[in-house]
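**Student:**
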Amino acid sequence: MKRTLKAVALAMSLLPATISIMAAEPDASAASSASANKTESSALITLPASSQTSSAEAIPAPAVQSRGETLHEYDPTEILNMRFDARVDYQRNWQDSKNIKSNSGFEGKYIDLQFDGTIVPGLTYSWRQRLNKYTKDSQFFDATDWVYLRYQLKRWMFSAGKEVVAIGGWEYDRAPINLFGCSVFWNNIPCYDLGVSVGYDITKNDQLKFQVTQSPFYTSDNRDMYAFNLFWTGNHGFYHTLWSANMIECFDGRYINYISLGNKFDLNPVSIELDLMNRAAAHQTFFFKDCSVMAEVAYKPTESWNIFAKYTYDVNKSGTDADFVVANNTELNMVGAGMEFYPLKKKKTSLRIHANCFYSWGKNANPDNVMQNKTVLLDFGITWYMNVLKVRK
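Numbering of the sequence shown is given in numbering that gives the first Met the number 0, commencing with residue 0 and proceeding in unit increments.
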């Protein structure tokens with residue numbers, strides 16, 4: 000693992016040194032009282048750890064995805080494009096050789112509806128509603144992954160609404176319905192929030208985006224908390240990047256800094272994804288005390304098959320309470336492999352069958368997560384995607 004951390008160090012050195020100033024000095028005396036208020040934080044609205052995955056591209060294949068956000072090449076004559084996605088699994092869960100019955104059996108994982116369209120040339124909208132999330136009438140918006148307007152003006156992009164919080168990494172980027180076997184970070188990060196974004200195409204292969212959102216860790220008593228995100232998307236031949244520097248308010252006036260480097264290598268028919276993430280707040284060693292590594296190798300022998308192997312490592316030895324996602328005293332490894340088979344791939348609908356198995360060891364300081372020490376998760380399932388309706392002017 001020391002070699003892994005050295006690799007993280009090398010990658011981190013590529014970012015400007017000025018990023019390190021983003022971790023603001025907190026009021027240490029306020030930490031314990033603020034932590035008590037976090038019980039109502041949106042950070043506790045986590046994605047279920049049992050919905051873990053790793054996969055190939057979504058079918059029908061979108062142009063780009065960000066936490067499942069499909070960025071279409073919008074047809075200016077298309078005022079509505081409606082699609083439906085669903086996934087059902089059968090899984091078995093063991094911890095230290097004991098069957099965890101509460102997390103074994105059939106489970107409906109995801110049911111999504113997504114609506115996209117063009118209002119006028121350059122002005123588009125997107126809305127995705129998660130139908131499998133339980134909501135009260137006053138919290139219907141919690142089941143809305145995103146709903147926003149986007150305006151494209153030559154090289155500039157402007158968007159506002161509920162958006163994907165711009166954090167780097169290919170695991171984080173992929174739609175939840177297309178993931179198996181995910182890191183502790185992925186399973187606990189609240190990833191959709193209200194905000195505004197401005198993007199600029201530096202070159203035809205690079206976009207830089209700045210985003211301000213409500214902090215994922217706001218509480219019902221204090222919604223006046225924010226996240227500031229700088230995001231770089233790069234496409235250079237076989238090498239693709241999703242890098243970010245994030246300053247996220249975790250307590251009132253206190254911030255945690257993320258440096259997240261998502262790297263993807265397309266070596267057809269093999270692809271490699273390597274995500275390196277460092278998290279730090281003030282009053283701790285900046286690098287390597289709180290970090291994650293996510294690595295996946297996928298082999299696609301034909302258009303219908305995808306075979307993958309994955310490893311994740313999450314550690315937090317910071318000794319602080321600033322990280323609500325990977326709790327202090329966590330050090331968990333996970334390894335696994337699986338396959339996906341697409342027996343049906345058509346323009347309007349497609350079908351996927353998947354099977355995978357993951358094993359974790361170490362310590363997860365969050366007892367609510369599925370993956371703990373000596374945990375096995377065996378998963379089989381079926382996913383279908385359907386383009387339901389298109390309406391043109």
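Built from N, CA and C at the ideal position, the CB exists for glycine as well.
None of the values given here were measured: they were computed from a predicted structure.
Grouping DSSP H, G and I as helix and E and B as strand, with all else coil, what is P175?
**Tutor:** For the purposes of this step, residue 175 is taken as residue 176 along the sequence shown, with counting starting at 1. Helix at P175.
**Student:** Based on the DSSP secondary-structure assignment, which residues constitute the bridge partners of W185?
**Tutor:** Working through the sequence shown from its first residue, we reach residue 185 at position 186. According to DSSP, residue pairing for W185 in a beta bridge does not occur.
**Student:** Tell me the DSSP secondary structure of N98 in three-state form.
**Tutor:** What you label residue 98 is simply residue 99 of the sequence shown in a count that begins at 1. N98 falls in the strand class under three-state DSSP.
**Student:** May I have the straight-line CA-CA distance separating A89 from W304, to the nearest angstrom?
**Tutor:** Translated into the one-based positions of the sequence shown, residue 89 becomes position 90. Translated into the one-based positions of the sequence shown, residue 304 becomes position 305. Correcting the residue identity first, residue 89 is Tyr in this sequence and not Ala. Cα to Cα, Y89 sits roughly 20 Å from W304.
**Student:** Measuring straight from C-alpha to C-alpha, what distance separates S96 and D289?
**Tutor:** For the purposes of this step, residue 96 is taken as residue 97 along the sequence shown, with counting starting at 1. For the purposes of this step, residue 289 is taken as residue 290 along the sequence shown, with counting starting at 1. Taking the straight line from one Cα to the other gives about 30 Å.
**Student:** On a CA-only basis, which of N131, E330 and N386 is nearest V183? Give me that one, please.
**Tutor:** In the sequence shown, counting from the first residue as 1, residue 183 sits at position 184. Nearest C-alpha to V183: E330.
**Student:** Tell me whether R253 is buried or exposed, calling it buried when 16 or more other Cβ atoms sit within 10 Å of its Cβ.
**Tutor:** Within the sequence shown, numbered from 1, the residue matching residue 253 stands at position 254. Counting C-beta atoms within 10 angstroms of its own C-beta, R253 has 16 or more neighbours from the protein chains shown and is therefore classed as buried.
**Student:** For the candidate residues V369, S219 and Y257, whose alpha-carbon lies nearest to that of F230?
**Tutor:** Taking the first residue of the sequence shown as position 1, residue 230 is located at position 231. Cα-wise, what sits closest to F230 is Y257.
**Student:** Would you please state the rounded distance, in angstroms, between the beta carbons of K373 and G335? I believe it to be under 8 Å.
**Tutor:** Here residue 373 is taken as the residue at index 374 of the sequence shown, counted from 1. Here residue 335 is taken as the residue at index 336 of the sequence shown, counted from 1. Not really, about 14 Å apart at Cβ, beyond 8 Å.
**Student:** With three or more beta-carbon pairs closer than 8 Å as the criterion, would you say the region 343-352 touches the region 136-148?
**Tutor:** No contact exists between the region 343-352 and the region 136-148.
**Student:** Could you tell me which of N204, E162 and A142 sits nearest to R149, measuring between CA atoms?
**Tutor:** Taking the sequence shown and counting its residues from 1, one reaches residue 149 at position 150. Looking only at N204, E162 and A142, the smallest Cα-Cα distance to R149 is reached by E162.
**Student:** Spatial neighbours of S196 within its chain, please: CB distance less than 6 Å, with the 5 preceding and 5 following residues excluded, ordered by chain position.
**Tutor:** Translated into positions along the sequence shown, residue 196 becomes position 197. Excluding residues within five positions, the ones whose Cβ falls inside 6 Å are S158, K208 and Q210.
**Student:** Less than 6 Å between C-beta atoms, sequence neighbours within five positions excluded: which residues of the same chain meet that for L376?
**Tutor:** In the sequence shown, counting from the first residue as 1, residue 376 sits at position 377. Scanning its chain for C-beta atoms nearer than 6 Å, with the 5 sequence neighbours on each side dropped, one finds around L376 the residues N92 and F357, in chain order.
**Student:** Identify whether E302 lies in helix, strand or coil by the three-state DSSP scheme.
**Tutor:** Here residue 302 is taken as the residue at index 303 of the sequence shown, counted from 1. Three-state result, E302: coil.
**Student:** Under the rule that 16 or more other beta-carbon atoms within 10 Å means buried, what is A118, buried or exposed?
**Tutor:** Here residue 118 corresponds to residue number 119 of the sequence shown, with the count starting at 1. A small fix is needed here, since residue 118 is Ile in this sequence, not Ala. It counts as exposed.
**Student:** Is it buried or exposed for G380, if we count other Cβ within 10 angstroms and need 16 for buried?
**Tutor:** For this step, residue 380 is matched to residue 381 along the sequence shown. Buried, since its Cβ has 16 or more Cβ neighbours within 10 Å.
**Student:** Would you kindly report the start and end of the unbroken beta strand (DSSP E) that includes F400?
**Tutor:** Because the chain is modelled from 0 through 392, residue 400 falls outside the range shown and cannot be assessed.
**Student:** So, do the region 238-245 and the region 262-278 have three or more beta carbon pairs nearer to each other than 8 Å?
**Tutor:** yes
**Student:** Count the other CB atoms within 10 Å of the CB of S50; is the residue buried (16 or more) or exposed (fewer)?
**Tutor:** Start at 1 with the first residue of the sequence shown, and residue 50 comes out as number 51. Any reading at S50 is ruled out, since the residue's pLDDT is 36, under 50, leaving its predicted position unreliable.
**Student:** Helix, strand or coil for D192, going by three-state DSSP, please let me know.
**Tutor:** For the purposes of this step, residue 192 is taken as residue 193 along the sequence shown, with counting starting at 1. The answer is strand: DSSP assigns D192 an E or B state.
**Student:** Closer than 6 Å by C-beta to C249: which residues in its own chain qualify, once you throw out the five before and the five after it? Chain order, please.
**Tutor:** By 1-based counting over the sequence shown, the position of residue 249 is 250. F216, I255 and A321, listed in sequence order.
**Student:** Strictly by DSSP, which residues pair up with R127?
**Tutor:** By one-based count along the sequence shown, residue 127 stands at place 128. When DSSP reads this structure, R127 sits in a beta bridge with Q113 and W145.
**Student:** Mind checking which residues open and close the beta strand (DSSP E) that includes T240?
**Tutor:** Locating residue 240 in the sequence shown gives position 241, counting from the first residue. From DSSP, the beta strand (DSSP E) with T240 extends over Y238 to F250.
**Student:** Taking the C-alpha atoms as reference points, what is the distance between V292 and K347?
**Tutor:** Here residue 292 refers to the residue found at position 293 when the sequence shown is read from its first residue. Here residue 347 refers to the residue found at position 348 when the sequence shown is read from its first residue. Going from the Cα of V292 to the Cα of K347 covers about 36 Å.
**Student:** Can you tell me which residues form a DSSP beta bridge with A353?
**Tutor:** The count along the sequence shown starts at 1 and reaches residue 353 at position 354. The question names Ala, but residue 353 is His in the sequence shown. DSSP lists E339 and G380 as partners of H353.
**Student:** In whole angstroms, give me the CA-to-CA distance for Q151 and L122.
**Tutor:** Here the question's residue 151 lines up with position 152 in the sequence shown. Here the question's residue 122 lines up with position 123 in the sequence shown. Roughly 7 Å between the two C-alpha positions.
**Student:** For D223, count the other beta carbons within 10 Å of its own beta carbon; 16 or more makes it buried, fewer makes it exposed. Which is it?
**Tutor:** The residue given as residue 223 occupies position 224 in the sequence shown. Answer is exposed; the Cβ neighbour count stays below 16.
**Student:** Please name the residue in V390, I306, K389 and Y384 whose C-alpha comes closest to that of F83.
**Tutor:** The residue given as residue 83 occupies position 84 in the sequence shown. Of the candidates V390, I306, K389 and Y384, the one whose C-alpha sits nearest the C-alpha of F83 is Y384.
**Student:** Given that a residue counts as buried once 16 or more other Cβ atoms are within 10 Å of its Cβ, and exposed if not, what is P366?
**Tutor:** Here the question's residue 366 lines up with position 367 in the sequence shown. P366 is exposed by the Cβ-count criterion.
**Student:** Between G160, L275 and I247, which has its C-alpha nearest E170's C-alpha?
**Tutor:** Numbered from 1 along the sequence shown, position 171 holds the residue referred to as residue 170. Looking at the Cα atoms, L275 is the closest of the given residues.
**Student:** How would you call E295, buried or exposed, if buried means at least 16 neighbouring beta carbons within 10 angstroms?
**Tutor:** Position 296 of the sequence shown, counting from 1, holds the residue named residue 295. Buried.
**Student:** With DSSP as the reference, label Q138 as helix, strand or coil.
**Tutor:** Translated into the one-based positions of the sequence shown, residue 138 becomes position 139. Note: Q138 maps to helix in three-state DSSP.
**Student:** I need the straight-line Cα distance from M338 to N245, nearest angstrom please.
**Tutor:** Within the sequence shown, residue 338 is the residue found at index 339, counting from 1. Within the sequence shown, residue 245 is the residue found at index 246, counting from 1. Cα-Cα distance, rounded: 34 Å.
**Student:** Under 8 Å by Cβ, that's how I've got A165 and N228 pegged, so tell me the actual separation to the nearest angstrom.
**Tutor:** Position 166 of the sequence shown, counted from the start, is the residue given in the question as residue 165. Position 229 of the sequence shown, counted from the start, is the residue given in the question as residue 228. Cβ atoms of A165 and N228 come within 8 Å of each other, at about 4 Å.
**Student:** Would you call G168 buried or exposed, if buried means 16 or more other Cβ atoms sit within 10 Å of its Cβ?
**Tutor:** Within the sequence shown, numbered from 1, the residue matching residue 168 stands at position 169. Label assigned to G168: buried.
**Student:** Looking at Y199 and R127, is the spacing between their C-beta atoms short of 8 Å?
**Tutor:** Taking the sequence shown and counting its residues from 1, the one referred to as residue 127 is at position 128. Taking the sequence shown and counting its residues from 1, the one referred to as residue 199 is at position 200. Their beta carbons are not under 8 Å apart, which means R127 does not touch Y199 by this criterion.
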